[in-house]
Amino acid sequence: MFNIIFYEIRTTLRQAHSWLTPLLFFVMVITLFPLAIGPNESLLEKIAPGILWVAALLAILLSIGNLFRHDADEGYLDVMLLSPYPLTWLVLCKVMSHWLTHCLPLILISPILGFLLHLPAHEQYALFVSLLLGTPVLTLLGAIGAALVVGIRGHGLLLPILIMPLYIPVLIVGTATTQQSMAGCFAILGALLLFSLAFAPFLTGIALRIGVNQ
Amino acid sequence: MTLCISQLAFERNNEPLFHPIDCTVSTSEILQVRGANGCGKSTLLRIFAGYISPEMGTIFWQGKNIFQQRDEYIQQLCYIGHQNGIKLHLTVSENLKLICALANQKIPHSSFKKILHTMQLENIEHTQAIHLSAGQKRRLALARLLLMNTRLWILDEPMTSLDQAGQTLIADLLNQHIAQGGMAVVATHHDLKMTGKMLYLPDANYSVMPACF
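From first to last, the protein sequence lines stand for chains A and B. Just so you know, we're using my numbering here: the first sequence kicks off at 3 and counts up by one. Just so you know, we're using my numbering here: the second sequence kicks off at 1476 and counts up by one.
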């Protein structure tokens, strides 16, 4: 199974534009805010958790739509469906490799960007952990949407519309965790992660089985 | 080993795609599916591979409905469709190793090299699939048959994009597979020049009665 994740990561890394785009988007959005709003430290400090989380969410939204697109175009999905491994496991492999290549860079660069927005030290730590717990949830939920639109040409805005209702609770909890950094908030994020780990790959698999015949 | 199809029917846009099909494929037999474009050959093959449930009828593998023994059934078959089922940004050998990983099979290095040699992929072993020609990609896709070594082969237009040498290669592989006790269901416009069963599918207006064997 690690082989599968390894080859998925290798495929993604060879398409630099696919994982660089969300990262550059994230950095650009955050850098533009202090320029636009002005060096109003207290204001930036207040809105920083929200901006960082929204930018991370949008960056993930940019790339998650194409999670299964190349595989569907080349017929690799057909091969996945005939594997002895359960489809749920294979979806988890895909999601894990996507998270490692697309979301981990965002998480690693977030302390620098938090510093740019004058985020206080304790909130920096909370931001890092909340992104660490929250971005897998966003990837898992996004995978369901990606599987639902896999057969549809030019899905465009359909995917964001589909998964925004699922993303908004994660956004709210993530921002609250960063601002308040109470144990309870982290626990809710952890619960969301466990919940999505339990259900999202299974639902993604069902959507893929339907979508592969389009 | 038998694949038995009983009264199989499927609809597209609320219209029957073909007349109910009754057919059997046994060990060392090949079933060629023929028909005009758009008559449902690919759909039929996908039903055989278990991707789609038929509207009516059953497919029996070893006497048991394939949808009741899905895991056992798919372990025995290898489906190669119109699309190649490869990852474009991996090299030829990486693609094949990924297929082995997906199929949970460990192939010894010598066998791996032998398969590369048989499919004439040795020279391009370390080339990314995106840089291959259409024929080379098709051979990479068909290498899956040798890697997985299953009893039942379901092939949808395997000769597409292949040159004369490639077509001869695939025909030889098919002959070998049948001779060794395998089974194959092949949808093709090419005349395979093999003795076996023929299934003619009606065109979209299904004005022609289907003729089995």
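Backbone N, C-alpha and C fix where the C-beta goes; we use that ideal spot for every residue, glycine too.
Inter-residue Cα distance where the pair is residue i and residue j
i, j, result
"Phe204(A)", "Asp1638(B)", "42 Å"
"Cys1687(B)", "Leu1520(B)", "Low confidence applies to Cys1687(B): its pLDDT is 44, below 50, so where it sits in the model is not reliable, and the reading given next is rough at best. Roughly 16 Å between the two C-alpha positions."
"Asn1680(B)", "His1494(B)", "Only weak support is given to the placement of Asn1680(B): the predicted model assigns it a pLDDT of 33, under 50, and the question is left unresolved by the model."
"Tyr9(A)", "Met1669(B)", "39 Å"
"Asn5(A)", "Leu83(A)", "17 Å"
"Glu1490(B)", "Met1531(B)", "13 Å"
"Ile1534(B)", "Thr1566(B)", "37 Å"
"Leu1622(B)", "Glu47(A)", "58 Å"
"Ala18(A)", "His104(A)", "11 Å"
"Lys96(A)", "Glu1547(B)", "25 Å"
"Thr1593(B)", "Ser1586(B)", "10 Å"
"Leu210(A)", "Leu37(A)", "43 Å"
"Ala1609(B)", "Ser1636(B)", "6 Å"
"Leu1492(B)", "Ser1517(B)", "11 Å"
"Phe35(A)", "Ile66(A)", "24 Å"
"Val1660(B)", "Ile1653(B)", "11 Å"
"Ile1574(B)", "Gly1641(B)", "21 Å"
"Asn1650(B)", "Pro107(A)", "52 Å"
"Leu1483(B)", "Ala178(A)", "57 Å"
"Asn1488(B)", "His1665(B)", "29 Å"
"Gly1538(B)", "Thr1477(B)", "8 Å"
"Thr1602(B)", "Gly1560(B)", "17 Å"
"Ala202(A)", "Leu63(A)", "16 Å"
"Pro1685(B)", "Leu1577(B)", "Unreliable positioning characterises Pro1685(B) in this predicted model, as indicated by a pLDDT of 40, which lies under 50. A coordinate reading is not provided."
"Leu26(A)", "Leu118(A)", "15 Å"
"Ile163(A)", "Ile174(A)", "17 Å"
"Lys1581(B)", "Ile1645(B)", "24 Å"
"Leu143(A)", "Arg1619(B)", "32 Å"
"Thr13(A)", "Asp75(A)", "15 Å"
"Val214(A)", "Gln1558(B)", "12 Å"
DSSP state of residue i mapped onto helix, strand, coil
i, result
"Glu1486(B)", "strand"
"Ile1541(B)", "helix"
"Met1634(B)", "coil"
"Val31(A)", "helix"
"Leu168(A)", "helix"
"Cys187(A)", "helix"
"Ala1524(B)", "coil"
"Tyr1675(B)", "strand"
"Val1656(B)", "Before going further, note that residue 1656(B) is Gly rather than Val in the sequence given. Correct three-state label for Gly1656(B): coil."
"Cys1514(B)", "coil"
"Leu1506(B)", "strand"
"Leu1607(B)", "coil"
"Pro1491(B)", "strand"
"Thr179(A)", "helix"
"Thr1663(B)", "coil"
"Val214(A)", "coil"
"Leu92(A)", "helix"
"Leu106(A)", "helix"
"Thr1625(B)", "coil"
"Leu1478(B)", "strand"
"Thr1499(B)", "strand"
"Arg1613(B)", "helix"
Residues that residue i contacts on chain B, provided the C-beta gap is smaller than 8 Å
i, result
"Gly213(A)", "The premise fails here: Gly213(A) is roughly 11 Å from chain B at the closest Cβ pair, so nothing lies under 8 Å."
"Tyr87(A)", "Leu1577 and Asn1579"
"Glu76(A)", "Gln1558, Asn1559, Gly1560, Ile1561, Lys1562 and Leu1563"
Proximal residues of chain A, C-beta to C-beta of residue i below 7 Å
i, result
"His1564(B)", "Thr13, Arg16 and Gln17"
Rounded distance between the beta-carbons of residue j and residue i, thought under 8 Å
i, j, result
"Gly1525(B)", "Ile1549(B)", "6 Å"
"Arg1626(B)", "Gln1595(B)", "Going by Cβ atoms, the distance from Arg1626(B) to Gln1595(B) rounds to 25 Å, so no, they are not a contact pair."
"Ile32(A)", "Leu115(A)", "4 Å"
"Gln2(A)", "Glu125(A)", "Any answer about residue 2(A) is impossible in this case: the structure gives chain A only from 3 up to 216."
"Thr206(A)", "Ala145(A)", "5 Å"
"Phe1542(B)", "Gly1515(B)", "Not a contact, Cβ separation roughly 19 Å."
"Asp1631(B)", "Ala1604(B)", "No, Asp1631(B) and Ala1604(B) are not in contact; Cβ-Cβ is about 19 Å, not under 8 Å."
"Gly1556(B)", "Asp80(A)", "6 Å"
"Gly1671(B)", "Ile1480(B)", "Gly1671(B) to Ile1480(B), Cβ: 15 Å. No contact."
"Arg1509(B)", "Tyr1675(B)", "5 Å"
"Phe188(A)", "Val139(A)", "So it is not a contact: roughly 13 Å between Cβ atoms."
Interface partners of residue i on chain A, CB under 8 Å
i, result
"Gln1550(B)", "Pro86"
"Leu1573(B)", "Asn5, Ile6 and Tyr9"
"Glu1569(B)", "Tyr9 and Arg12"
"Tyr1554(B)", "Asp80 and Leu84"
Contacts that residue i makes with chain A (C-beta to C-beta distance below 9 Å)
i, result
"Ile1527(B)", "Asn215"
task = Within the region 51-82 of chain A, note down every full alpha helix (DSSP H) run reaching 4 residues or more, in order along the chain.
result = 71-76
key: Start-end ranges of the alpha helix (DSSP H) lying completely within the region 120-160 of chain A, minimum 4 residues   = 123-150
Alpha helix (DSSP H) runs wholly inside the region 1529-1603 of chain B, at least 4 long, in chain order = 1545-1550, 1567-1577 and 1584-1593
request  = Please name the residues in the region 187-211 of chain A whose beta-carbon is closer than 7 Å to at least one beta-carbon of chain E, in chain order.
outcome  = As a matter of chain content, chain E is missing from the structure shown, whose protein chains are A and B.
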